[in-house]
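Protein chains in written order, with our numbering: chain G, 24 to 327; chain R, 2 to 247. We put the beta carbon where it would ideally sit given N, CA and C, even for glycine. So the structure is just underneath, and the comments pick up after that.
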Amino acid sequence: MESIVVNGISKWYGKEKLVALKNVSFTVNHGEIFGIIGPDGAGKTSLFRILTTLLLADEGSATVEGKDVVKQYKQIRNEIGYMPGRFSLYQDLTVKENLTFFATIFNTTIKENYHLIKDIYVQLEPFNDRRAGKLSGGMKQKLALCCALIHKPTVLFLDEPTTGVDPVSRKEFWEMLGKLKEQGITILVSTPYMDEASKCDRIALIQNGSILATDTPNAIRQSFDLMLYKAKSHNTALLLKDIRHYSKNLYAYAFGEHVHITFKAGEIDIEELKMNLIERKHHDIILEPDDATIEDCFIQMLRA
Amino acid sequence: MGDKVITTEGLTKKFGDFTAVDNITFDVEKGEIFGFLGANGAGKTTAMRMLCGLSIPSGGKATVAGYDVYRQTEKIKENIGYMSQKFSLYEDLTVIENINFFGGIYKIPSNLIKKKSDEVIEKLGLQPHAKKLVGSIPLGWKQKLAFSVAILHEPGLVFLDEPTGGVDPVARRQFWDLIYEAAERGITVFITTHYMDEAEYCDRISIMVDGRIDALGSPTALKKQFSSDNMDEVFYRLARGAKRTE
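Right under this line is the structure:
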């Protein structure tokens with residue numbers, strides 16, 4: 024059964040009717056980690072605020088656990104956990120006071136649902152008496168997650184939990200999400216980091232308020248319908264210039280230590296390109312087919 | 002010294018009994034793109050604040066653009082550019098007003114500001130947005146504008162603190178085109194990022210762990226040194242050993 028159903032949601036702001044969301048539809052199944060992946064300004068936070076009943080959509084409808092986000096907002100608020108992108112706990116309460124506060128307003132206690140937060144909370148407990156405002160970024164993030172979990176929500180909304188977080192802490196955070204999934208909690212999570220897509224069961228790619236694609240990360244990668252080669256030589260910056268200069272029928276961009284080259288099948292003769300690069304004095308040339316990543320797919324969709 | 006834009010020797014910063022930056026020593030060459038990496042809390046921001054003349058070190062030596070970080074902080078501020086993701090431009094001023102404001106701060110003559118302003122707007126294709134509030138233009142453009150404004154006074158060195166966070170993949174690459182262009186003109190680039198693919202675009206990288214610089218070299222050399230296939234792995238190996246969590 025579906026946990027979240029979004030049906031043709033649109034949202035615009037202000038007199039100029041700046042569009043935040045355009046006819047967005049998707050479904051999240053029970054127990055799934057569903058990722059909303061896109062850059063800042065794509066509409067992720069507006070979408071989260073609509074689904075957590077904090078903002079009204081201008082068009083369309085949505086349900087969370089079968090309840091309408093407008094008519095049954097009170098019931099939804101009791102059932103969900105929400106971790107906003109901006110740190111929203113009480114800065115002048117201690118770690119323990121914050122957690123007790125959130126447990127109390129949901130008529131529960133830390134003890135009752137301790138098993139849910141245990142793995143995360145053990146790292147926080149040494150700082151129990153420290154004010155939330157004095158915690159480091161990573162600790163704040165863990166406390167916010169505990170507070171969003173303490174009433175045993177069925178659905179968890181995490182709006183950009185890993186933004187600005189270093190790669191090691193990001194990895195740890197995704198490991199925590201994996202454990203929560205095992206407890207049967209449905210998780211809707213947004214991120215601007217394309218490499219986090221593979222941690223999700225399914226993803227929606229979003230840009231300028233529109234969903235570009237919804238599927239499993241693998242299916243999206245496999246739907247990439249251009250030829251993709253990775254290239255390398257002794258001088259990457261020069262290589263990128265020379266490849267772009269070689270033909271207008273290809274699109275080349277830096278990709279970590281390599282350059283990625285995409286083109287329609289049959290439009291580029293790779294052997295000829297290689298000869299051309301050798302003539303241009305490149306050495307240690309690598310030029311071989313590669314699989315598209317989610318980032319390649321996103322780039323391709325932005326260009327289409 | 003010669004062509005060194007940044008020199009540090011045993012640079013240290015303590016807050017009470019906490020050593021945020023612990024005896025770091027490195028140089029940055031003119032025209033280099035230098036990646037300054039590390040986990041959250043490793044001490045990057047504190048180190049950068051000292052290099053920008055915003056925080057006086059507790060020990061060690063450092064010069065930036067030839068000026069001393071203890072005694073010539075105002076000179077440093079005049080001779081560097083700075084851009085961070087969190088704050089760079091005034092959202093409630095227009096594109097042109099922002100350029101004029103920062104041009105004025107850096108004492109660029111007004112006729113030259115006008116010329117530079119036209120150049121920046123044309124180069125970034127911002128003509129249709131020139132009179133719009135910065136708060137209303139897309140993030141990718143905002144970041145490119147912020148970078149152009151940070152180097153408007155042609156500093157020898159620009160500090161970029163996580164400039165591409167949250168920017169879409171195409172705009173992120175366009176941003177790097179601007180960085181390369183600036184470096185080719187001889188502007189030294191000192192950059193922090195959490196995107197490991199961007200670490201590959203730097204000439205050299207340092208990785209901070211618990212206030213120390215635990216690795217320093219070109220991406221290729223570091224991968225070799227840590228027998229790793231990519232920078233991600235190098236970073237994990239080093240940062241996992243960290244004792245402190247911010």
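Residue i: contacting residues in chain G (beta-carbon distance under 7 Å)
i: Tyr202 of chain R; result: Ala277
i: Asp198 of chain R; result: Phe278 and Gly279
i: Gly126 of chain R; result: Correct list: empty, because the minimum Cβ distance to chain G is about 16 Å.
i: Asp233 of chain R; result: Pro190
Same chain, Cβ closer than 7 Å to residue i, neighbours up to 5 away in sequence not counted
i: Ala80 of chain G; result: Ile32, Ser33, Lys34 and Ile73
i: Val168 of chain R; result: Leu140, Gly141, Gln144 and Phe176
i: Thr186 of chain G; result: Gly108 and Pro215
i: Cys170 of chain G; result: Leu112, Asn121, Leu122 and Phe125
i: Asn52 of chain G; result: Glu25 and Ser26
i: Tyr36 of chain G; result: Ala43
i: Ile291 of chain G; result: Ser270, Asn272 and Leu273
i: Thr221 of chain R; result: none
Listed by chain order, chain R residues near residue i by CB distance under 8 Å
i: Val188 of chain G; result: Asn41 and His195
i: Val212 of chain G; result: Within chain R, no residue comes near Val212 of chain G; the closest Cβ sits about 15 Å away, beyond 8 Å.
i: Ala260 of chain G; result: Tyr181
According to DSSP, residues forming a beta bridge with residue i
i: Ile284 of chain G; result: G:Tyr252 and G:Ala275
i: Ile309 of chain G; result: G:Lys255
i: Lys157 of chain G; result: The partner list for Lys157 of chain G (beta bridge, DSSP) is empty, contrary to what the question assumes.
i: Gln230 of chain G; result: G:Ser233
i: Asn30 of chain G; result: G:Ser84
i: Phe160 of chain R; result: R:Tyr83 and R:Phe191
i: Phe49 of chain G; result: G:Val29
i: Trp35 of chain G; result: G:Val42
i: Phe180 of chain G; result: G:Tyr105 and G:Leu211
i: Thr117 of chain G; result: G:Arg154
i: Val65 of chain R; result: R:Ile7 and R:Tyr68
Residues of its chain near residue i, where Cβ-Cβ distance is below 6 Å and the 5 sequence neighbours each way are ignored
i: Ile308 of chain G; result: Ser256 and Leu300
i: Gly82 of chain R; result: Ala151, Ile152, Pro156 and Val159
i: Arg238 of chain R; result: Phe227
i: Met2 of chain R; result: Below a pLDDT of 50, predicted positions are generally treated as unreliable, and Met2 of chain R, at 45, falls in that range; the measurement from the model is reported next regardless. So no residue of the chain qualifies.
i: Ala131 of chain R; result: Val96, Ile97 and Ile122
i: Trp197 of chain G; result: Lys222
i: Thr131 of chain G; result: His174
i: Met250 of chain G; result: Phe286 and Ala288
Own chain partners of residue i with C-beta closer than 8 Å, once the 5 adjacent residues on each side are dropped
i: Thr50 of chain G; result: Glu25, Ile27, Val28 and Val29
i: Asn258 of chain G; result: His305
i: Lys377 of chain G; result: No answer is possible for residue 377 of chain G: it lies beyond the span of chain G, which begins at 24 and ends at 327.
i: Ser59 of chain R; result: Thr13, Lys14 and Lys15
i: Asp91 of chain G; result: Ser84 and Ala85
i: Gly11 of chain R; result: Asn24, Ile25, Thr26, Gly60, Gly61 and Lys62
First through last residue of the alpha helix (DSSP H) which encompasses residue i
i: Ser69 of chain G; result: Lys67 to Leu74
i: Phe102 of chain R; result: Val96 to Ile106
i: Asn112 of chain R; result: Ser111 to Lys124
i: Leu90 of chain R; result: Per DSSP, Leu90 of chain R belongs to no alpha helix (DSSP H) and is neither H nor E.
i: Thr131 of chain G; result: Unbroken run through Thr131 of chain G: none, as it is neither H nor E.
i: Ile57 of chain R; result: Counting along the chain, Ile57 of chain R falls outside any alpha helix (DSSP H), and DSSP gives it neither H nor E.
i: Phe150 of chain G; result: No alpha helix (DSSP H) holds Phe150 of chain G; DSSP gives it neither H nor E.
Any non-hydrogen atom of the ligand SAH closer than 7 Å to residue i Cβ
i: Ile99 of chain G; result: This structure lacks the ligand SAH, and indeed carries no ligand of any kind.
Partners in chain R for residue i, counting only beta-carbon separations shorter than 7 Å
i: Met217 of chain G; result: Pro170
i: Ala227 of chain G; result: What Ala227 of chain G touches in chain R: nothing, since even the nearest Cβ is about 15 Å away.
i: Leu325 of chain G; result: Asp169 and Val171
i: Gly64 of chain G; result: Pro139 and Leu140
i: Gly207 of chain G; result: Those within 7 Å of Gly207 of chain G in chain R number zero; the least Cβ separation is about 29 Å.
i: Ile322 of chain G; result: Pro170 and Val171
i: Gln230 of chain G; result: Asp169
Endpoints, the beta strand (DSSP E) within which residue i is located
i: Phe27 of chain R; result: Phe19 to Glu30
i: Met209 of chain R; result: Arg205 to Val210
i: Tyr105 of chain G; result: Ile103 to Met106
i: Ile322 of chain G; result: Counting along the chain, Ile322 of chain G falls outside any beta strand (DSSP E), though it belongs to the alpha helix (DSSP H) covering Ile317 to Arg326.
i: Val171 of chain R; result: Where Val171 of chain R is concerned, there is no enclosing beta strand (DSSP E), although the alpha helix (DSSP H) it sits in stretches over Pro170 to Glu185.
i: Ala200 of chain R; result: Here Ala200 of chain R belongs to no beta strand (DSSP E); instead the alpha helix (DSSP H) covers Met197 to Ala200.
i: Ile56 of chain G; result: Ile56 to Ile60
i: Asp215 of chain R; result: Arg213 to Gly218
i: Lys14 of chain R; result: Lys5 to Phe16
Interface residues of chain G facing residue i [CB-CB closer than 8 Å]
i: Gly136 of chain R; result: Within 8 Å Cβ-Cβ: nothing; Gly136 of chain R doesn't reach chain G, min ~11 Å.
i: Pro220 of chain R; result: Glu280
i: Tyr71 of chain R; result: By Cβ distance, chain G contributes nothing, its closest Cβ being about 28 Å from Tyr71 of chain R, past 8 Å.
Touch test, the region 56-74 of chain G against the region 230-238 of chain G, Cβ-Cβ under 8 Å, three pairs minimum: The region 56-74 of chain G is in contact with the region 230-238 of chain G.
Cβ contact check for the region 242-254 of chain G and the region 9-20 of chain R: 3 or more pairs under 8 Å: Contact annotation: the region 242-254 of chain G does not touch the region 9-20 of chain R, with fewer than three C-beta pairs closer than 8 Å.
Inter-stretch contact (C-beta, 8 Å, three-pair minimum) for the region 279-290 of chain G and the region 212-219 of chain G: In short, these stretches do not touch, since the Cβ pair count stays below three.
contact_flag[the region 199-211 of chain R, the region 28-38 of chain R] where n(CB pairs < 8 Å) is 3 or more: Yes: at least three Cβ pairs fall under 8 Å.
The region 75-95 of chain R in contact with the region 113-126 of chain R per 3-pair CB rule at 8 Å: Counting Cβ pairs under 8 Å, fewer than three are found: no touch.
Cβ contact (3+ pairs, closer than 8 Å) linking the region 198-213 of chain G and the region 57-66 of chain G: Flag = yes, the region 198-213 of chain G and the region 57-66 of chain G touch.
At least three beta-carbon pairs within less than 8 Å, the region 119-138 of chain R to the region 196-204 of chain R: Taking 8 Å as the limit for Cβ pairs, the verdict is that the region 196-204 of chain R does not touch the region 119-138 of chain R.
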